[in-house]
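Chemist: Would you mind keeping the following structure in view while I ask a few things?
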């Protein structure tokens, strides 16, 4: 899997050997990759490579789960393989685009998505937009009641 030069610059990851591994502390940038970055910053960065409404990681995970995991028992409750989740995290943080195939465990992909969301510094609905979100939800509820 090759690195996209621009994505590599974003993550400041210059030493991401394959197979994926955690970077040594001396090589790890202060804010590597997309894990732990603000959602807004990641989406803004990825728009340079094409229109996106959500980060590539989120799109890939959701698409895979829709295709292969909706009938899976314990989805989002049963953990995936920790070492594979870590490898996938390293790959995305290094600017790579790992592909999920028929051998990929859906629980591992769900665990990766949960990890990404958990490491966001702000909730998916940012604090600054929370009141606006509640207002919209109330308007939608009112509209549904009126038909």
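In the UniProt record's numbering, the protein residues as written are 1 to 147.
Where a beta carbon is used, it is the ideal one built from N, C-alpha and C, also for glycine.
Can you tell me whether residue 71 is helix, strand or coil according to DSSP?
Modeler: DSSP places residue 71 in coil when its eight states are reduced to three.
Chemist: Would you check if the region 73-80 and the region 101-110 touch, i.e. whether three or more CB-CB distances between them fall below 8 Å?
Modeler: Cβ pair count under 8 Å is three or more, so yes.
Chemist: Among the residues of its own chain, which have a CB less than 6 Å from the CB of residue 88, if the five just before and after it don't count?
Modeler: Closer than 6 Å at the Cβ level, and outside the excluded window around residue 88, lie 98 and 112.
Chemist: Tell me the residue span of the alpha helix (DSSP H) that contains residue 82.
Modeler: Unbroken alpha helix (DSSP H) run through residue 82: 82-93.
Chemist: If we define contact as Cβ-Cβ less than 9 Å, is residue 79 a contact residue for chain B?
Modeler: Among the chains in the structure shown there is no chain B, since it carries only a single protein chain.
Chemist: Give the secondary structure of residue 132 by DSSP, where H, G and I count as helix, E and B as strand, and everything else as coil.
Modeler: If DSSP states are grouped into helix, strand and coil, residue 132 belongs with the helices.
Chemist: Taking the CB atoms as reference points, tell me whether residue 116 and residue 58 lie closer together than 9 Å.
Modeler: Contact flag set, yes.
Chemist: Mind reading off the beta-carbon distance from residue 52 to residue 106? Whole number of angstroms is fine, and I expect it under 8 Å.
Modeler: Contact flag wrong, Cβ pair sits at about 23 Å.
Chemist: Excluding sequence positions up to five away, which residues of its chain have a Cβ less than 8 Å from the Cβ of residue 40?
Modeler: Only 126 meet the Cβ criterion.
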